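The block underneath contains the structure these notes are about, expressed in structure tokens.
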Amino acid sequence: MNSFLARYGSEIATLTVEHVWLTTAAMLFATAAAVPLGIWLTRAPNWAGPALGVANVLQTIPSLAMFGFLLPLPWLGERAARIAIVALTAYALLPILRNTYAGIRGIDPAVIEVAHALGLTDTQRLFKVELPLAASFILAGLRTATVTCIGIATIAAAVGAGGLGELIFRGVASVDNRLVLAGAAPAALLALAADGILGLVERRLKVRGR
Amino acid sequence: MSPAIEFRSVSVIAGQGRPLLDGISLRVDEGTTTVLLGRSGSGKTTLLRTVNRMVAPTQGEVLVNGTPNMRPDIIMLRRGIGYVIQETGLFPHFTVERNVGIVLEAEGRPSSVRVQRSHELLAAVGLDPGIYARRLPHQLSGGQRQRVGLARALAADPEILLMDEPFGALDPLTRSEMQDMLRDLLAGLKKTVLLVTHDLNEALYLGDRIALLREGKLITVLSPHEFLASDEPEVRTYIDAFQRGEQVAER
């Protein structure tokens, strides 16, 4: 065990950092796209069905196929990390989008009515009322998306994007369970840690009586 | 006295062509309380909501302080009109103090002014600011929440106050306490109040005038005294419905 760690320890560390980087980048892009889109859908609810439908379909594409689809695309195909980030972003969209939309739509209609009737501007209503009241929901979506992405990011190694999947694929190819575990265990720990930390934040943002 | 609110042949047609309001004309004089009375679905809430443009008339117009209310900027119009509803709509993530000061906050007034004003108003609606200012809405009783809602509506000192079934969800005792509080408060403030209720007692107790609505039409506008003495069939039906319990008990 010790000799195994001595041999692979630094590689595990590097690949973990890579894994975190891929996931974080994807989460940032997905949040930047899905939160504003979710807010816009609450203003144009006719579009909510189609938009959530598209995000839903993206979610159902098997991850290995998704990486494969993106491989031949011009600019993306040049760097494996680009493919990984785009694919992970696509998977992260649905939970964030759905929770942003549902979180705002689920606010007590009386609260929204009063915000209108007291003369809050659209911006004031969004930032003082809607976003704070929907925050814990949006974060719950972010949390689901993050955990999903940490898992799917292991597949990114199949197109050479690195991350902990690297060890898993190598372990499978060489029938070395220690290597598979060396990739799978840190990935699972990452997912648990992200889930725990975001769960704490989510609880802090929860509003009683909303 | 000049009318603070004037409805000129206001009609509102719903999506399927059903009229919610049918040609209502009514003047509400400055500094008076007019009660919109009627059964559920009579259009009283819709009429109230045309004043601050929560509902736009399909035909006719509403004048606020002599100006058609479609003219001013909608945000400015609404900030000048207090609004209280049965569900209170308090912001659950704001303290009582911040809830009361929200219109001032929206206007960008400094926090010292907001806090002072909100404490002043909490005291006026019968809530000790020392105890309640820092609480959250879910820590209050229904009656207390309604008091906060009223304080919030008054924060920017609007000339007009719209109240939609403000005490509808309260038990009869809390309700009468609130009615007393509102009556005392209004006596010192000279606001123009439009109050929606289906409770005849409340209408008689709080109203300078009572406007009876039925199926989107204005049936009559009377003082409480005239209302009780009226022999118009629509009015009698309403009064009889309220006196049934009494009559049965007396038998």
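One line per chain: the protein sequences are C and G, in this order. Numbered according to this note's numbering, the first sequence terminates at residue 215, and the numbering increases by one at each position without gaps. Numbered according to this note's numbering, the second sequence terminates at residue 503, and the numbering increases by one at each position without gaps. Idealized CB from N, CA, C, for every residue including glycine. This structure is a prediction, so every number in the text was calculated from the model and none was measured.
#1: Is it buried or exposed, G/Gly334, if we count other Cβ atoms within 10 angstroms and call 16 or more buried?
#2: Just to confirm my understanding: we take C/Trp52, look at its own chain, exclude 5 residues before and 5 after, and list those with CB closer than 7 Å. What are they?
#3: Listing by chain order, which chain G residues have their CB less than 7 Å from the CB of C/Glu171?
#4: Buried or exposed for C/Glu16, going by 16 or more other Cβ atoms inside 10 Å?
#5: Could you list the residues in the stretch 125–141 of chain C with a C-beta less than 7 Å from some C-beta on chain G, going in chain order?
#6: Taking all protein chains shown into account, decide if G/Thr340 is buried (16 or more other Cβ within 10 angstroms of its Cβ) or exposed.
#7: Since G/Leu388 meets chain C, which of its residues come closer than 8 Å, beta carbon to beta carbon?
#8: Taking only heavy atoms of the ligand NAD into account, decide whether any of them is closer than 7 Å to the Cβ of C/Ile101.
#9: Taking Cβ positions only, does C/Ala199 come closer than 8 Å to chain G?
#10: Taking only beta carbons into account, state which residues of the stretch 142–158 of chain C come closer than 9 Å to chain G, listed in chain order.
#11: Note down, in chain order, every chain G residue with its Cβ under 8 Å from the Cβ of C/Glu16.
#12: Please name the residue, chosen from G/Asp451, G/Leu441, G/Glu486, G/Glu411, that lies closest to G/Asp423 on a Cα-to-Cα basis.
#13: What does DSSP give as the partner residue(s) for G/Thr286 in the beta ladder?
#14: For C/Glu118, return the contacting residues in chain D, with the cut-off set at a CB-CB distance below 9 Å.
#15: What does G/Pro344 touch in chain C if you count any residue whose Cβ is under 8 Å from its own?
#16: Do C/Leu169 and C/Gly176 have their beta-carbon atoms positioned less than 8 Å apart in this structure?
#17: Sort C/Leu98, C/Arg87, C/Asp127 by Cα distance to C/Arg48 and report the nearest one.
#18: I'd like to confirm the pairing. Which residues does DSSP put opposite C/Ile101 in its beta bridges?
#19: Does the Cβ of G/Thr489 have 16 or more other Cβ atoms within 10 Å, making it buried, or fewer, making it exposed?
#20: Would you list the residues sitting across from C/Glu23 in a DSSP beta bridge?
#21: With 16 other CB atoms within 10 Å as the buried threshold, where does G/Lys296 fall?
#22: For the candidate residues G/Arg270, G/Gly332, G/Ile337, G/Thr284, whose alpha-carbon lies nearest to that of G/Ala439?
#23: Which residues of chain G have a Cβ atom closer than 7 Å to the Cβ of C/Ala122, listed in chain order?
#24: Run through the DSSP bridge pairs and tell me what G/Tyr335 is partnered with.
#25: Does the distance from the CB of G/Ser294 to the CB of G/Gly275 come in under 8 Å?
#26: Tell me whether G/Thr298 is buried or exposed, calling it buried when 16 or more other Cβ atoms sit within 10 Å of its Cβ.
#27: In whole angstroms, what is the alpha-carbon distance linking G/Thr347 and C/Leu10?
#28: In the DSSP assignment, find the unbroken alpha helix (DSSP H) run with G/Lys469 in it and report its ends.
#29: So the alpha helix (DSSP H) G/Leu373 belongs to, where does it begin and stop?
#30: What residue range does the beta strand (DSSP E) around G/Gly275 cover?
#31: Tell me which residue opens and which closes the alpha helix (DSSP H) that G/Val355 is part of.
#32: What is the DSSP secondary structure of G/Gln268, reduced to helix, strand or coil?
#33: Please confirm whether C/Leu98 and C/Ala140 have their CB atoms less than 8 Å apart.
#34: So, helix, strand or coil for G/Gly312, using DSSP?
#35: Is G/Ile354 close to chain C, meaning its C-beta is less than 8 Å from at least one C-beta of that chain?
#36: Looking only at its own chain, which residues have a Cβ that is under 7 Å from the Cβ of G/Gly420, when we skip the five neighbours before and after it?
In terms of the structure at hand:
#1: Counted from its first residue, the second sequence places residue 334 of chain G at position 82. It counts as buried.
#2: Here residue 52 of chain C corresponds to residue number 47 of the first sequence, with the count starting at 1. Counting only Cβ-Cβ distances below 7 Å, and skipping sequence neighbours, we find Leu46.
#3: Position 166 of the first sequence, counted from the first residue, corresponds to residue 171 of chain C. Correct list: empty, because the minimum Cβ distance to chain G is about 45 Å.
#4: Locating residue 16 of chain C in the first sequence gives position 11, where the first residue counts as 1. Exposed: under 16 other Cβ atoms inside 10 Å.
#5: Look at the stretch 125–141 of chain C: the residues with a C-beta under 7 Å from a C-beta of chain G are Leu125, Thr126, Gln129, Val134, Pro137, Leu138.
#6: For this step, residue 340 of chain G is matched to residue 88 along the second sequence. Answer is buried; the Cβ neighbour count reaches 16.
#7: For the purposes of this step, residue 388 of chain G is taken as the residue at position 136 of the second sequence. Going along chain C in sequence order, the residues near G/Leu388 (Cβ under 8 Å) are Arg213, Gly214.
#8: Looking at this structure, you won't find the ligand NAD or any other ligand, since it has none at all.
#9: As a working note, residue 199 of chain C is residue 194 in the first sequence. Chain G, which has no Cβ nearer than 8 Å to the Cβ of C/Ala199, makes this no.
#10: Those residues of the stretch 142–158 of chain C that come within reach of chain G (Cβ to Cβ, closer than 9 Å) do not exist; the list is empty.
#11: Numbered from its first residue, the first sequence carries residue 16 of chain C at position 11. Correct list: empty, because the minimum Cβ distance to chain G is about 47 Å.
#12: On the second sequence, residue 423 of chain G is found 171 positions in, with the first residue counted as 1. It is G/Asp451 whose Cα lies nearest to the Cα of G/Asp423.
#13: To locate residue 286 of chain G, count along the second sequence from 1; it is residue 34. Looking at the DSSP assignment, G/Thr286 forms a beta bridge with G/Leu446, G/Arg461.
#14: In the displayed structure, chain D is absent; the protein chains listed are C and G.
#15: Within the second sequence, residue 344 of chain G is the residue found at index 92, counting from 1. Those are Asp113, Val116, Leu138, Val212, Arg213, Gly214, Arg215, listed as they occur along chain C.
#16: Taking the first sequence and counting its residues from 1, the one referred to as residue 176 of chain C is at position 171. Taking the first sequence and counting its residues from 1, the one referred to as residue 169 of chain C is at position 164. Cβ atoms of C/Gly176 and C/Leu169: not closer than 8 Å.
#17: Working through the first sequence from its first residue, we reach residue 48 of chain C at position 43. In terms of CA proximity to C/Arg48, C/Asp127 leads the group C/Leu98, C/Arg87, C/Asp127.
#18: Here the question's residue 101 of chain C lines up with position 96 in the first sequence. DSSP, once it has assigned bridges, lists no residue as partnering C/Ile101.
#19: Your numbering for residue 489 of chain G matches position 237 in the second sequence. The residue is exposed, with fewer than 16 neighbouring Cβ atoms inside 10 Å.
#20: Looking up residue 23 of chain C in the first sequence gives position 18. According to DSSP, C/Glu23 bridges with nothing at all.
#21: Looking up residue 296 of chain G in the second sequence gives position 44. The residue in question, G/Lys296, is buried, as its Cβ has 16 or more Cβ neighbours within 10 Å.
#22: Translated into positions along the second sequence, residue 439 of chain G becomes position 187. Across the set G/Arg270, G/Gly332, G/Ile337, G/Thr284, the C-alpha of G/Thr284 shows the shortest separation from the C-alpha of G/Ala439.
#23: The count along the first sequence starts at 1 and reaches residue 122 of chain C at position 117. Result: Asn304, Met306, Arg330, Tyr335.
#24: Residue mapping note: residue 335 of chain G aligns to position 83 of the second sequence, counting from 1. For G/Tyr335, which the question treats as bridged, DSSP gives the partners G/Leu414.
#25: Numbered from its first residue, the second sequence carries residue 294 of chain G at position 42. Numbered from its first residue, the second sequence carries residue 275 of chain G at position 23. In this structure, G/Gly275 does not lie closer than 8 Å to G/Ser294 by Cβ.
#26: Position 46 of the second sequence holds residue 298 of chain G. Classification of G/Thr298: buried, given that the 10 Å Cβ count is 16 or more.
#27: By one-based count along the second sequence, residue 347 of chain G stands at place 95. By one-based count along the first sequence, residue 10 of chain C stands at place 5. For G/Thr347 and C/Leu10, the distance between alpha carbons rounds to 54 Å.
#28: In the second sequence, residue 469 of chain G corresponds to position 217, counting from 1. That residue, G/Lys469, is in no alpha helix (DSSP H); its beta strand (DSSP E) goes 469–474.
#29: Locating residue 373 of chain G in the second sequence gives position 121, counting from the first residue. Unbroken alpha helix (DSSP H) run through G/Leu373: 363–376.
#30: As a first step, residue 275 of chain G must be located in the second sequence, where it is residue number 23. Here the beta strand (DSSP E) through G/Gly275 covers 271–281.
#31: Against the second sequence, residue 355 of chain G aligns to sequence position 103. 354–358 is the span of the alpha helix (DSSP H), which, as asked, contains G/Val355.
#32: Sequence index remark: in the second sequence, residue 268 of chain G carries index 16 (1-based). Of the three classes helix, strand and coil, the one that applies to G/Gln268 here is coil, per DSSP.
#33: As a position in the first sequence, residue 98 of chain C is number 93, starting the count at 1. As a position in the first sequence, residue 140 of chain C is number 135, starting the count at 1. No. Outside cutoff.
#34: As a working mapping, residue 312 of chain G is identified with position 60 in the second sequence. In the structure shown, G/Gly312 sits in a strand (DSSP, three-state: E or B).
#35: By one-based count along the second sequence, residue 354 of chain G stands at place 102. Yes - at least one Cβ of chain C is within 8 Å of the one on G/Ile354.
#36: Numbered from 1 along the second sequence, position 168 holds the residue referred to as residue 420 of chain G. Only Gln338 meet the Cβ criterion.
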